[in-house]
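Novice: Residues in the sequence shown are numbered consecutively from 123, following the numbering used here.
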Amino acid sequence: MVIVMEKHAPEEKIESVVAELIKRGFDVHRSTGSGQTVLGVVGEVASVDPREFEVMDGVQEAVRVSEPYKLSSRTFKRDNTVVKVNGCSIGGRDVVVMAGPCTIENEKQLFGTAEAVARAGAKVLRGGAYKPRTSPYAFQGMGIDGLKLLQAAGKEFGMATVSEVMEISQIETMMDYVDILQVGARNMQNFNLLAAVGQVRKPILLKRGMAATIQEWLLAAEYIMSGGNYQVILCERGIRTFDTYLRNTLDLAAIPVVQKLSHLPIIVDPSHATGRRDKVMPMARASVAAGADGLLIEVHVEPDKALCDGPQSLYPEQFVELMDELRIIVPAVRRTLS
Ligand code: PEP
Ligand code: MN
């Protein structure tokens with residue numbers, strides 16, 4: 123259930139509604155936008171008659187939310203959520219580009235790539251230190267040494283950082299080194315991990331599971347938000363379909379669908395969506411044209427020598443070219459390139 127308070131309702135009135143809800147055993151999540159407070163009520167609300175709250179002082183309306191996700195839904199929060207990290211805002215007017223290698227391999231590779239993407243205009247540096255590899259024999263990531271390099275490269279080139287967390291025990295260490303924690307496609311329904319990152323106070327980049335419906339994805343976001351962490355960025359990275367030509371099928375329509383259903387920012391990862399660098403640039407352009415709030419792109423100084431995902435990693439020159447193209451597309455959709 124959502125309780126919409128009257129515009130500029132005084133704090134005492136809001137608090138007395140909150141107190142009543144808590145007395146009845148519900149969890150209450152507050153959001154305020156344009157002078158109006160909305161209370162998201164979660165728990166066993168089925169037996170409650172919303173009119174009992176509608177008659178309370180300062181309440182404009184109380185409505186049941188028909189979607190199974192509540193806090194991530196637009197019914198709960200009408201204004202877009204803007205996630206702020208190191209001076210960039212994700213989900214506002216700016217389109218934010220995140221780029222870097224699939225995995226951190228060594229200092230030379232990371233710093234070389236970081237310098238190239240920063241110079242071209244990327245605002246967030248990506249790089250995996252813990253890698254979810256399909257084969258146990260493939261390179262599994264540098265772990266904490268990789269995180270240290272990522273932090274140093276982010277500082278050196280003035281970028282925020284994003285890296286994947288694979289299990290709960292890694293969260294604490296990652297908090298010291300990384301600005302955005304990524305939950306990968308394979309972990310989108312690892313509910314214990316989702317609940318654990320719901321307890322931290324850092325932005326979470328939540329990738330769509332490769333076989334997840336949009337509703338399941340928003341429910342995964344709900345797990346994080348119900349723990350009190352509202353800084354969730356959704357990332358469409360392609361889903362599995364009957365077509366096997368590319369690594370995945372990029373569901374671009376998910377962008378306007380999510381924007382209607384949810385207030386959370388949505389970015390696109392065209393690298394994992396396609397698996398081939400010649401397809402990454404057109405899909406990146408299309409994503410921004412379709413309204414994405416940002417992009418997550420794999421770039422490598424020497425893709426031919428990459429330990430992971432080389433064929434889908436852009437050469438630095440291609441990334442420069444893509445950023446030049448985005449400088450034309452972004453204003454055409456009334457956005458700004460951050
Ligand atoms: C990645 O970003 O490197 C990654 C493993 O992505 P995904 O979880 O989308 O497969
Ligand atoms: Mn990758």
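We put the beta carbon where it would ideally sit given N, CA and C, even for glycine.
Since the structure is predicted, the reported quantities are computational estimates derived from the model, not experimental observations.
#1: Is the closest heavy atom of ligand 1 to the C-beta of residue 251 under 7 angstroms?
#2: Whose C-alpha, out of 278, 297, 261, is nearest the C-alpha of residue 432?
#3: Using only CA atoms, which one of 223, 267, 303, 138 lies nearest to residue 207?
#4: Report the option in 267, 319, 364, 148 whose CA atom is closest to the CA atom of residue 299.
#5: Taking 7 angstroms as the limit between beta carbons, can you name the residues of its chain near residue 159, skipping five residues before and five after?
#6: What are the start and end residues of the alpha helix (DSSP H) that includes residue 211?
#7: When DSSP labels each residue in this structure, what does residue 340 get in the three-state scheme?
#8: Taking 7 angstroms as the cut-off, does the CB of residue 420 come closer than this to any heavy atom belonging to ligand 2?
#9: Please name the residue in 455, 442, 446 whose C-alpha comes closest to that of residue 236.
#10: I want to see whether chain B comes within less than 8 angstroms of residue 164, judged by CB atoms only; does it?
#11: Helix, strand or coil: how does DSSP classify residue 151 here?
#12: Return the CA-CA distance between residue 396 and residue 147, expressed in angstroms with no decimal places.
#13: Specify the secondary structure class of residue 459 as computed by DSSP and reduced to three states.
#14: On the criterion of 16 or more Cβ atoms from any shown chain inside 10 Å, does residue 405 qualify as buried, or is it exposed?
#15: Per the DSSP calculation, residue 250 is bridged to which residue(s)?
#16: In whole angstroms, what is the alpha-carbon distance linking residue 399 and residue 176?
#17: Can you give the Cα-Cα distance for residue 199 and residue 429, rounded to whole angstroms?
#18: Counting beta carbon pairs with one atom in the stretch 228–242 and one in the stretch 252–260, are three or more of them shorter than 8 angstroms?
#19: For residue 283, report the span of its beta strand (DSSP E) as first-last.
Specialist: Inspection of the coordinates gives the following:
#1: If you check the C-beta of residue 251 against ligand 1, you find no heavy atom less than 7 angstroms away.
#2: The option with the nearest alpha carbon to residue 432 is 261.
#3: Of the candidates 223, 267, 303, 138, the one whose C-alpha sits nearest the C-alpha of residue 207 is 303.
#4: Among 267, 319, 364, 148, the Cα nearest to that of residue 299 is on 267.
#5: The answer, listed in chain order, is 127, 131, 136, 152.
#6: No alpha helix (DSSP H) holds residue 211; the beta strand (DSSP E) holding it covers 210–212.
#7: Residue state, collapsed to three classes: helix.
#8: Because some heavy atom of ligand 2 lies under 7 angstroms away, the Cβ of residue 420 counts as near it: yes.
#9: With distances taken between Cα atoms, residue 236 lies closest to 442.
#10: Here there is only one protein chain, and chain B is not present.
#11: Correct three-state label for residue 151: strand.
#12: So the alpha carbons of these two residues sit roughly 47 angstroms apart.
#13: Reduced to three states, the DSSP call for residue 459 is strand.
#14: Buried.
#15: 225, per the DSSP bridge assignment.
#16: So the alpha carbons of these two residues sit roughly 55 angstroms apart.
#17: If you take the alpha carbons of residue 199 and residue 429, they lie about 42 angstroms apart.
#18: Segments in contact, no.
#19: Per DSSP, residue 283 belongs to the beta strand (DSSP E) from 282–286.
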